[in-house]
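Protein chains: 2
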Amino acid sequence: MSSDIEIAQQAKLAPIEQIAEKLGIPQDTIELYGKYKAKIALSENEKSSLGKLILVTSINPTPAGEGKTTVSIGLADGLNQLHKNAVLALREPSLGPVMGLKGGATGGGHSQVLPMEDINLHFTGDIHAITTTNNALSALIDNHIHQGNELGIDPQQVIWKRSLDLNDRELRHTVVGLGNKAQGVPREEGFDITVASEIMAVLCLASDLMDLKARLAKIVIGYTYQNEPVTVRDLQVEGALALLLKDAIKPNLVQTLEQTPAFIHGGPFANIAHGCNSVTATKTALRLGDYAVTEAGFGADLGAEKFLDLKVPNLGKAPDVVVMVATVRALKMHGGLAIDQLANENLAALEKGFANLKKHIKNMQNYGMPVVVAINEFAADRESEFALLQELCRKEGVTAVRSSAWENGGVGAQELASTVVDVIAEKKADYQRLYLNRLPLEDKIKKIAQTIYGARDVSFEKKAKKQLKDFKELGWDQLPICIAKTQYSLSDDANLLGAPRDFDLTVREIMPKMGAGFLVVLTGNVLTMPGLPKRPAALDMDVDAAGNASGLF
Amino acid sequence: MSSDIEIAQQAKLAPIEQIAEKLGIPQDTIELYGKYKAKIALSENEKSSLGKLILVTSINPTPAGEGKTTVSIGLADGLNQLHKNAVLALREPSLGPVMGLKGGATGGGHSQVLPMEDINLHFTGDIHAITTTNNALSALIDNHIHQGNELGIDPQQVIWKRSLDLNDRELRHTVVGLGNKAQGVPREEGFDITVASEIMAVLCLASDLMDLKARLAKIVIGYTYQNEPVTVRDLQVEGALALLLKDAIKPNLVQTLEQTPAFIHGGPFANIAHGCNSVTATKTALRLGDYAVTEAGFGADLGAEKFLDLKVPNLGKAPDVVVMVATVRALKMHGGLAIDQLANENLAALEKGFANLKKHIKNMQNYGMPVVVAINEFAADRESEFALLQELCRKEGVTAVRSSAWENGGVGAQELASTVVDVIAEKKADYQRLYLNRLPLEDKIKKIAQTIYGARDVSFEKKAKKQLKDFKELGWDQLPICIAKTQYSLSDDANLLGAPRDFDLTVREIMPKMGAGFLVVLTGNVLTMPGLPKRPAALDMDVDAAGNASGLF
Numbered sequence: 002m003s004s005d006i007e008i009a010q011q012a013k014l015a016p017i018e019q020i021a022e023k024l025g026i027p028q029d030t031i032e033l034y035g036k037y038k039a040k041i042a043l044s045e046n047e048k049s050s051l052g053k054l055i056l057v058t059s060i061n062p063t064p065a066g067e068g069k070t071t072v073s074i075g076l077a078d079g080l081n082q083l084h085k086n087a088v089l090a091l092r093e094p095s096l097g098p099v100m101g102l103k104g105g106a107t108g109g110g111h112s113q114v115l116p117m118e119d120i121n122l123h124f125t126g127d128i129h130a131i132t133t134t135n136n137a138l139s140a141l142i143d144n145h146i147h148q149g150n151e152l153g154i155d156p157q158q159v160i161w162k163r164s165l166d167l168n169d170r171e172l173r174h175t176v177v178g179l180g181n182k183a184q185g186v187p188r189e190e191g192f193d194i195t196v197a198s199e200i201m202a203v204l205c206l207a208s209d210l211m212d213l214k215a216r217l218a219k220i221v222i223g224y225t226y227q228n229e230p231v232t233v234r235d236l237q238v239e240g241a242l243a244l245l246l247k248d249a250i251k252p253n254l255v256q257t258l259e260q261t262p263a264f265i266h267g268g269p270f271a272n273i274a275h276g277c278n279s280v281t282a283t284k285t286a287l288r289l290g291d292y293a294v295t296e297a298g299f300g301a302d303l304g305a306e307k308f309l310d311l312k313v314p315n316l317g318k319a320p321d322v323v324v325m326v327a328t329v330r331a332l333k334m335h336g337g338l339a340i341d342q343l344a345n346e347n348l349a350a351l352e353k354g355f356a357n358l359k360k361h362i363k364n365m366q367n368y369g370m371p372v373v374v375a376i377n378e379f380a381a382d383r384e385s386e387f388a389l390l391q392e393l394c395r396k397e398g399v400t401a402v403r404s405s406a407w408e409n410g411g412v413g414a415q416e417l418a419s420t421v422v423d424v425i426a427e428k429k430a431d432y433q434r435l436y437l438n439r440l441p442l443e444d445k446i447k448k449i450a451q452t453i454y455g456a457r458d459v460s461f462e463k464k465a466k467k468q469l470k471d472f473k474e475l476g477w478d479q480l481p482i483c484i485a486k487t488q489y490s491l492s493d494d495a496n497l498l499g500a501p502r503d504f505d506l507t508v509r510e511i512m513p514k515m516g517a518g519f520l521v522v523l524t525g526n527v528l529t530m531p532g533l534p535k536r537p538a539a540l541d542m543d544v545d546a547a548g549n550a551s552g553l554f
Numbered sequence: 002m003s004s005d006i007e008i009a010q011q012a013k014l015a016p017i018e019q020i021a022e023k024l025g026i027p028q029d030t031i032e033l034y035g036k037y038k039a040k041i042a043l044s045e046n047e048k049s050s051l052g053k054l055i056l057v058t059s060i061n062p063t064p065a066g067e068g069k070t071t072v073s074i075g076l077a078d079g080l081n082q083l084h085k086n087a088v089l090a091l092r093e094p095s096l097g098p099v100m101g102l103k104g105g106a107t108g109g110g111h112s113q114v115l116p117m118e119d120i121n122l123h124f125t126g127d128i129h130a131i132t133t134t135n136n137a138l139s140a141l142i143d144n145h146i147h148q149g150n151e152l153g154i155d156p157q158q159v160i161w162k163r164s165l166d167l168n169d170r171e172l173r174h175t176v177v178g179l180g181n182k183a184q185g186v187p188r189e190e191g192f193d194i195t196v197a198s199e200i201m202a203v204l205c206l207a208s209d210l211m212d213l214k215a216r217l218a219k220i221v222i223g224y225t226y227q228n229e230p231v232t233v234r235d236l237q238v239e240g241a242l243a244l245l246l247k248d249a250i251k252p253n254l255v256q257t258l259e260q261t262p263a264f265i266h267g268g269p270f271a272n273i274a275h276g277c278n279s280v281t282a283t284k285t286a287l288r289l290g291d292y293a294v295t296e297a298g299f300g301a302d303l304g305a306e307k308f309l310d311l312k313v314p315n316l317g318k319a320p321d322v323v324v325m326v327a328t329v330r331a332l333k334m335h336g337g338l339a340i341d342q343l344a345n346e347n348l349a350a351l352e353k354g355f356a357n358l359k360k361h362i363k364n365m366q367n368y369g370m371p372v373v374v375a376i377n378e379f380a381a382d383r384e385s386e387f388a389l390l391q392e393l394c395r396k397e398g399v400t401a402v403r404s405s406a407w408e409n410g411g412v413g414a415q416e417l418a419s420t421v422v423d424v425i426a427e428k429k430a431d432y433q434r435l436y437l438n439r440l441p442l443e444d445k446i447k448k449i450a451q452t453i454y455g456a457r458d459v460s461f462e463k464k465a466k467k468q469l470k471d472f473k474e475l476g477w478d479q480l481p482i483c484i485a486k487t488q489y490s491l492s493d494d495a496n497l498l499g500a501p502r503d504f505d506l507t508v509r510e511i512m513p514k515m516g517a518g519f520l521v522v523l524t525g526n527v528l529t530m531p532g533l534p535k536r537p538a539a540l541d542m543d544v545d546a547a548g549n550a551s552g553l554f
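As they're listed, the protein sequences go chains C and V. For the first sequence, this note's numbering gives the first residue as 2, with consecutive numbering after it. For the second sequence, this note's numbering gives the first residue as 2, with consecutive numbering after it.
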């Protein structure tokens, strides 16, 4: 059997200008990055009517993921086999997982976006531009303090952190500015992974370059000695930061193995950030395609909730259908089966674990979303298990369709594609937000925790309690919420599988993200800088004299 | 008068494919990065005879620089006005100075390389790839220690530092791995600016991707508890690191305002690194042009010395002529005139300061290099001063030609160009290395200090003394030397102007760069991470809705 990278390297790609031409993208708005990648200049000139929006999400995943990207790609390819003019809008991979454990984010098997090596490594440089912008701001803040501190920034209250697009636990807690008076002001500092940076969120939510600059200006970087918030505008550097992002804001166009156009742009994680690709890319896909297929990170409790409550108001368009990816093996895990037993047939565990899928279905229906379940097939799955899972979904009034897109590409997702088309035609989505922004801050957090996660209550640690009060005084309590939480459970405890009840969500800290326009709420022990595993994927990577990569997956 | 960026934005660029075609670069080796930038796949297929190599260097500069890049660009444009088929090979700018004080590195006035905004910001992502590779190695080292430390790496003896392509003094001295047992191993750490990273040196000296990988494998990252060196090969990650650099190693092609082809690739600083653009870019320029114009950073004591002693053996070709850039104002500064008086006519100061230029001329002649002095004109310079400077050079047997390339582009450097052509035709360069690698380490350092800098002697601080002994035992004493030193003086004290004598060079520390293949010798108080000035250039930068930059220079 061929590996992902072998399949990718044997693929016949079309020149990206051809893909763009097929979409009707004007030649002069295309900036090539090699033969198979391009950036598209933002423009409002394309057709004004928007296509149908298909949001792909999933149950709470196993550590390897449940193949949401693979299904998204297969679904788009399947739609195009049915001549439905589908366009993908996906996230850019982070080098953290690529070098670490999880691997890339370009799909798998016969459902991949290409060139997979480039997309998984530096791509068109967007994430590097974000890292640089993030750290340029840090350097400018610390330089301001060092050079006289006209704004009176309290070094102990700088909340803007440096970032790197790597898994590097060593940088979680640091002290910087050591040495002597000439080497900066000593203070505690931590590095986040770039996908958690507010710059990433801002890039993904901005409608254009001027909106981006306006959002950058609003970012709160810390507080003065008098506890007044200090913004990027106070530092007068929003112009420089926007300049550093002038190309990164343009969506990237690539293609699938079956030459379906794919906009891959922006990549916040869904556990520690808002988990959706950029508004600009999704909007471009909606303008150019009759169907736009997009995904939101991790389970529907994280990515889809944030898509619906945070991205939709910025996008100005709600999904027409939600495709919920589930796997037999993950549901068996949710049913209590040990991870090394997942290849064994176990209908009891599957039925028990179905509770997780059922909860996510209900949650999406609660937003007024029609739902189709996509069962992502694995080799070890049994027909008996597929049959049981489809029957369980049927009882909930939801169609579950098998996808073998990993093995068969678009052909393996044709049934899923036609089901999705039918559901969109037959069931009208009736999008309703989960909460109103004007609700008290505490109530908004509780609403998400209780409605989406199934929590009994929310407990606020001391620091968070003080922040509830402070943020209300600052008028920040009118913002929506972006919860940082483990992706493995509906709760904030990775070990609580299935559909846990009777747990309280513990809020540790709240972080103002005024540029993004939401508050990040840290729960449980979620980390904003991952670590590498004992044997990182990097140890198996290589490149030959001709520049061909190996060891990427 | 138009600013640099205004001139750049009014320029009419040719599509970069046209520039490539003119050079005879095969179409299928060109990877476009937008319309006006391209990477060229490395290949040995071009004409085997090499063009003439022109090395542009300078006297010790003022903080604003003496216009070495501007003269290089003007000279190449001037050569092409004379139909001499000249190609440029220059360095990539670092964002540190761009956001800080010195500005970009794309020339100035009517002698610029374009698109200046892109080249000065992220360009084709090479430096970001180097930063990422550097820091991925750091994360892999610390993860190895954290996950059981099979190699027995002593955390207190990790010499590999993290890096960022920014001026950020706050990161010079840090402590990382704080928190608790799960957050890594606490140790001291410092960040260098990326242009000082050994990865940058390796990329610039490697002949191809496999040589790059072999060099990466040799990098020493620290020592075990038994004081044995630990290499990248021991960590088994040279494949992953080379993979991260697979595109960065390809030279970038752009053009000047007059559509002269320019390879801009690699950008180590000359004060803290080896200061030359990449071997691959210079070789490509030599293969494609009848004349290749390249520059080496800062004064001839730094960049040119390193070009001649470190780059030439890797390039396999020595310069045919050295162009020494001097300015009236900098020589007056070397003659003792205060920086705010440099616009005033002062023949006495000029004559006194000429000692600096004279020393650099002698140094280059000592390498067997014919020398042409290029006087880079400034508006405040007087005819009397030009005349004196030319007369002083004539007495040394060297022609000094005025260049108004900044004001007039290639036309302003035509006389310089024809002089350079004549000197190459008439005087045969007879390249001789300054020292043999097999000399004792101490003697090699003394040779550079005494011959090039004019030092009386070299004093080694305690740490350096121990390293002289240790490195000899390790067999590292056979390597050539890369001295890190202030660029403002021939000595290691920025305040000693002119041609100081009777000073001792103080060696603080020696750093093994086994991948680059040299030892970096830190002298005086030179910093490997610069800081931002009181009012960073970033405060004046902006971008408009159409993506047009302002405030770059």
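A virtual CB, placed ideally from N, CA and C, is assigned to each residue, including glycine. Only a predicted model underlies this, so the values are computations on that prediction, with no experimental measurement involved.
Alpha carbon of residue i to alpha carbon of residue j, nearest angstrom
| i | j | result |
| --- | --- | --- |
| V:Lys467 | C:Pro187 | 31 angstroms |
| V:Ala77 | C:Ile511 | 57 angstroms |
| C:Phe355 | C:Ser50 | 38 angstroms |
| C:Ile595 | V:Leu254 | What the structure shows of chain C is the stretch from 2 to 554, and residue 595 of chain C is not part of that stretch, so it cannot be assessed. |
| V:Ile362 | C:Ile131 | 45 angstroms |
| V:Ala381 | V:Ala350 | 15 angstroms |
| V:Leu24 | V:Asp212 | 26 angstroms |
| C:Phe461 | C:Asn228 | 22 angstroms |
Coarse secondary structure for residue i, derived from DSSP in three states
| i | result |
| --- | --- |
| C:Arg163 | strand |
| C:Lys53 | strand |
| C:Ile8 | helix |
| V:Asn86 | coil |
| C:Tyr489 | coil |
| C:Thr1 | Limits of chain C in this structure are 2 at one end and 554 at the other, which puts residue 1 of chain C out of reach. |
| V:Asp543 | strand |
| C:Glu32 | strand |
Residues that residue i contacts on chain V, provided the C-beta gap is smaller than 7 angstroms
| i | result |
| --- | --- |
| C:Thr175 | Thr175, Val176, Val177, Leu179 |
| C:Ala157 | Looking at the sequence provided, one finds Gln at residue 157 of chain C rather than Ala. Here the premise fails: no neighbours, minimum Cβ distance about 14 angstroms. |
| C:Val238 | Ala539, Leu540 |
Contacts that residue i makes with chain C (C-beta to C-beta distance below 9 angstroms)
| i | result |
| --- | --- |
| V:Asn168 | Ala140, Asn144 |
Residue from the options with nearest C-alpha to residue i
| i | options | result |
| --- | --- | --- |
| C:Leu540 | V:Gln28, V:Leu236, V:Tyr224 | V:Leu236 |
| V:Ala538 | V:Ser4, V:Leu480, V:Gly35, V:Gly101 | V:Gly101 |
| C:Ser59 | C:Val323, C:Ile31, C:Asn278, C:Ala344 | C:Val323 |
Contacts that residue i makes with chain V (C-beta to C-beta distance below 9 angstroms)
| i | result |
| --- | --- |
| C:Gly35 | Glu32, Leu33, Tyr34, Lys40, Asp248 |
Listed by chain order, chain C residues near residue i by CB distance under 8 angstroms
| i | result |
| --- | --- |
| V:Asn612 | Only positions 2 to 554 of chain V appear in the structure, and residue 612 of chain V is not among them; the question remains open. |
| V:Ala243 | Asp543, Val544 |
* So does the region 334 to 350 of chain C actually touch the region 393 to 411 of chain C, counting three or more Cβ pairs closer than 8 angstroms? -> By the Cβ rule, the region 334 to 350 of chain C does not count as touching the region 393 to 411 of chain C, because fewer than three pairs are nearer than 8 angstroms.
* Do the region 216 to 236 of chain V and the region 510 to 524 of chain V touch if we need at least three Cβ pairs shorter than 8 angstroms? -> Cβ pair count under 8 angstroms is three or more, so yes.
* **Stretch pair the region 108 to 121 of chain V + the region 449 to 468 of chain V: three plus CB contacts closer than 8 angstroms** => At 8 angstroms Cβ cutoff, the stretches do not touch.
* So does the region 77 to 86 of chain C actually touch the region 117 to 130 of chain C, counting three or more Cβ pairs closer than 8 angstroms? -> Three or more Cβ pairs closer than 8 angstroms define a contact, and the region 77 to 86 of chain C falls short of that threshold against the region 117 to 130 of chain C.
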